[in-house]
Amino acid sequence: MEQLLEQADVAPAVAASAPQRIKFHATGGEYFRIWIVNLLLTIVTLGIYSAWAKVRRNQYFYASTELAGASFEYHGSPVAILKGRIVAGLFVGAYALTVHSSPGLALLALLVLAAISPWFMWKSLQFRLHNTSYRGIRFRFAGDKHDAYINYMVRPWLSGVTAGLAVPFVHQRAKAWTHNNARYGNARFSFDAEVGDFYKLYGWFVLVGGGGFALLTWLIMSGVSPADGAAGAAEARAIEAGFVMMAGYAWFFLVYPLFMQMLQNLVWNHTSLEAHRFRSDMKWGRMVFITVTNYLAVICTLGLFLPFARVRTLRYRLESIALLPEGSLDDVLAAPQDAVGATGEGAADFFDFDLSI
Numbered sequence: 413m414e415q416l417l418e419q420a421d422v423a424p425a426v427a428a429s430a431p432q433r434i435k436f437h438a439t440g441g442e443y444f445r446i447w448i449v450n451l452l453l454t455i456v457t458l459g460i461y462s463a464w465a466k467v468r469r470n471q472y473f474y475a476s477t478e479l480a481g482a483s484f485e486y487h488g489s490p491v492a493i494l495k496g497r498i499v500a501g502l503f504v505g506a507y508a509l510t511v512h513s514s515p516g517l518a519l520l521a522l523l524v525l526a527a528i529s530p531w532f533m534w535k536s537l538q539f540r541l542h543n544t545s546y547r548g549i550r551f552r553f554a555g556d557k558h559d560a561y562i563n564y565m566v567r568p569w570l571s572g573v574t575a576g577l578a579v580p581f582v583h584q585r586a587k588a589w590t591h592n593n594a595r596y597g598n599a600r601f602s603f604d605a606e607v608g609d610f611y612k613l614y615g616w617f618v619l620v621g622g623g624g625f626a627l628l629t630w631l632i633m634s635g636v637s638p639a640d641g642a643a644g645a646a647e648a649r650a651i652e653a654g655f656v657m658m659a660g661y662a663w664f665f666l667v668y669p670l671f672m673q674m675l676q677n678l679v680w681n682h683t684s685l686e687a688h689r690f691r692s693d694m695k696w697g698r699m700v701f702i703t704v705t706n707y708l709a710v711i712c713t714l715g716l717f718l719p720f721a722r723v724r725t726l727r728y729r730l731e732s733i734a735l736l737p738e739g740s741l742d743d744v745l746a747a748p749q750d751a752v753g754a755t756g757e758g759a760a761d762f763f764d765f766d767l768s769i
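Per the numbering used here: the sequence shown ends with 769, consecutive numbering throughout.
In C-alpha cells:
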C-alpha cells in the first residue's frame, strides 16, 4: 500500500531550490498525423472511433508534457469512454424523441438530464485524474458527489438570481473544490485564492471588455455620416451595425486572451502541492498574437491548421507554468486507488463540459 517510488529508475531528483518549468515537446506536424487519422476513422466508423481518438490524442499530449525530467502518462480506456458516451447519448435521445410527441415527458427528460449532469461532471473529474500518472504515481480526485451538486447545480442558480453578480463567487468555489480535492499519490493539492480575487478578475474583464466595446461602438457611430431621408437613415444604421459587429469580433480576439491569461495566472499562482507551489507568468500580448494568428491560419487553410493551432496554444499555456519545489518530490507515496468508471468522462465529452482551467 505504501509503495515508495524508486526515483533513480524513473527520473532525476528535483532540486530543492530550482524552479521546474513545464516543457511541451509536441509538434504540429506530429499531432497533424494523429489528428487526420483520428478524423478519418471517426467519420468512417460513424463516430465510434472517437473514443479511441481521444485516448490517442491524450496519450500523445501527456507523454509530450515534461516536468522535472519526467513525463505524464494517460491510462484511459477507449471502451470505457465509449460506454459513457453511449449512456449520455441514450439520455439525449430520449429527450429528443419526446420533444414533439409529449412536451410533458420532454420536460421531465430535461429535468432528469439537469439532475444528473453534476454527477457526470463529478465522475469525469474522478476518471481524468485516476487515469493520469506522473513518475509512476497516479493522481486521484477525493471530492464527493454531494459537493458536486452544490458546486454544479445549487450555486450556479445564484448567477441567474443575481443577474450574473454571483458568477465570480460560483467560479471561485468550484475551482477551490476541484483543486483542494485533487491528490497526487498521498500528497494533497490546495487552492488559496479568495472570492475577492475572482471578483477583481471579472471586474477587470468587464471593465476592459465592456468599456472598450462601448467606446468602439461610440467611435463608429460618431464616424458614420448621417444621411437625408428614411432610406438614407436606414442605410446609415445598417452600415453602423455592420461596423459594430466587425469591431465586436475584433475586440473579442483581444479581450478573450486577456481573460484566459488572467485566469490561468490567478489559478496556478494560488495552487500548491503540499509545500511545493506553482507559478504562472502567462503574458497577454503573446496570447493575443497566438490566438489571432491561429484563427487567421485556420481560416486560410480551411481548417487544416487546427492541429498546429492546438499545439501552439497548449505549448504556450503549459510552458508558462513552473513548479517551485520545497524539498524533494521523492517522498510522495502511491495511494490506494478504487476502480473508476468512465461514464462521467464520456458524458462530459458528449455534452462538451469543460472542467479545465
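No residue lacks a Cβ here, since even glycine has one placed at the ideal position from N, Cα and C.
Quick one: what does DSSP say residue i is sitting in, helix, strand or coil?
i: Ser-732; result: coil
i: Ala-588; result: helix
i: Leu-509; result: helix
i: Gly-641; result: Because the pLDDT of Gly-641 is 48, which lies under 50, any placement of that residue in the model is unreliable, and the question is left without a value.
i: Tyr-461; result: coil
i: Phe-717; result: coil
i: Arg-497; result: helix
i: Thr-477; result: strand
i: Ser-545; result: strand
i: Ser-684; result: strand
i: Ala-578; result: coil
Taking 9 angstroms as the cut-off, decide whether the C-beta atoms of residue i and residue j are in contact.
i: Ser-732; j: Met-674; result: no
i: Leu-716; j: Phe-436; result: no
i: Arg-595; j: Arg-552; result: yes
i: Pro-431; j: Leu-735; result: yes
i: Val-499; j: Leu-525; result: no
i: Ile-460; j: Leu-502; result: no
i: Arg-698; j: Ala-438; result: no
Give the range of the beta strand (DSSP E) segment to which residue i is assigned.
i: His-688; result: 688 to 692
i: Ser-602; result: 599 to 603
Apart from the five residues just before and just after residue i, which ones in its own chain have a Cβ nearer than 6 angstroms to its Cβ?
i: Ser-545; result: Glu-485
i: Trp-534; result: Lys-557 and Ala-560
i: Val-467; result: Gly-488 and Pro-490
i: Thr-683; result: His-591, Phe-603 and Phe-690
Excluding five sequence neighbours on each side, which residues of the same chain lie with their C-beta closer than 8 angstroms to the C-beta of residue i?
i: Thr-703; result: Phe-665, Tyr-668, Pro-669 and Thr-725
i: Tyr-474; result: Ser-483, Phe-484, Glu-485, Tyr-486 and Thr-544
i: Leu-570; result: Ala-578, Phe-581 and Val-582
With 9 angstroms set as the bound, which would you pick, yes or no: does the beta-carbon of residue i sit closer than that to a beta-carbon of chain C?
i: Tyr-611; result: Protein chain content of the structure displayed is limited to a single chain, and chain C is not contained in it.
Please look up how many angstroms separate the CB atoms of residue i and residue j, rounded, as I've assumed it's under 8 angstroms.
i: Arg-729; j: Gln-676; result: 6 angstroms
i: His-591; j: Phe-601; result: 5 angstroms
i: Ala-586; j: Asn-563; result: 4 angstroms
i: Pro-737; j: His-688; result: 5 angstroms
i: Ala-554; j: Asn-593; result: 5 angstroms
i: Arg-469; j: Asn-450; result: 7 angstroms
i: His-583; j: Phe-610; result: 6 angstroms
i: Ala-465; j: Thr-477; result: About 19 angstroms; that fails the 8 angstroms criterion.
Ends of the alpha helix (DSSP H) at residue i?
i: Phe-539; result: 515 to 542
i: Tyr-443; result: 440 to 456
i: Ile-549; result: Segment 549 to 553 is the beta strand (DSSP E) holding Ile-549; no alpha helix (DSSP H) there.
i: Thr-703; result: 696 to 712
i: Ala-482; result: Here Ala-482 belongs to no alpha helix (DSSP H); instead the beta strand (DSSP E) covers 482 to 486.
i: Ala-430; result: No alpha helix (DSSP H) contains Ala-430, which DSSP labels as neither H nor E.
i: Tyr-561; result: 557 to 561
i: Ser-571; result: 568 to 573
Leaving out five residues on either side along the sequence, give the residues of the same chain with a beta carbon under 7 angstroms from the beta carbon of residue i.
i: Asn-543; result: Tyr-486, His-487 and Gly-488
i: Ser-692; result: Gln-676, Asn-677, Trp-680, Asn-681, Ser-732 and Ile-733
i: Ala-518; result: Tyr-507, Thr-510 and Val-511
i: Phe-625; result: Gly-660 and Trp-663
i: Ile-446; result: Arg-468, Arg-469 and Tyr-472
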